[in-house]
Amino acid sequence: MRGLLTKVFGDPNERELKRLRKEVEEINALEPYVQSLSDEQLRAKTDEFKERLAAGETLDDLLPEAFAVVREAARRTIGMRHFDVQLMAGIVLHEGKIAEMKTGEGKTLVATLPLYLNALEGRGC
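Numbering (numbering that gives the first Met the number 0) for the sequence shown: 0 to 124.
As structure tokens, this is what we get:
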């Protein structure tokens, strides 16, 4: 019976990964733009995001651009760029879910994504 349901509705994990991949594509599409920003312009994004939140946008609205900014800041400051799977894990954490990662897969780097995003509202992670 379960096999039949999976054939009809698809595997729930695959559906979730498909959704996450779409969000990662949005983040990746912003990478050239974010890379073109000066350090000052990149820093100014935080104030811009806070203003946009005050104007009614949600954290979910800001997520792609905020994650792209965090990725670029990490690349510039510590020479590390978030991989797509790390972006997916960051999205999952932002949604209040658990993302299992093994030692060495970049949990600390992942944590910077939802931490920054939620800090825009003063909530932290």
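The beta carbon of each residue, even a glycine, is placed where N, CA and C say it ideally should be.
What does the alpha-carbon distance come out to for the pair Ala136 and Phe66? It is not possible to answer for residue 136, since the shown part of the chain is limited to 0 through 124.
Would you tell me roughly how many angstroms separate the C-alpha atoms of Glu22 and Pro63, rounded to the nearest one? Residue numbering aside, residue 22 sits at position 23 when the sequence shown is read from its first letter. Residue numbering aside, residue 63 sits at position 64 when the sequence shown is read from its first letter. Spanning the two alpha carbons is a distance of roughly 7 Å.
Ser37: first and last residue of the uninterrupted alpha helix (DSSP H) it sits in: Sequence index remark: in the sequence shown, residue 37 carries index 38 (1-based). Neither: Ser37 is in no alpha helix (DSSP H) and is coded neither H nor E.
When the Cβ atoms of the region 22-36 are set against those of the region 77-97, are three or more pairs found closer than 8 Å? yes
Go ahead and label Arg18 buried or exposed: buried means 16 or more other beta carbons lie within 10 angstroms of its beta carbon, across all protein chains shown. The residue labelled residue 18 in the question sits at position 19 within the sequence shown. Burial call: exposed.
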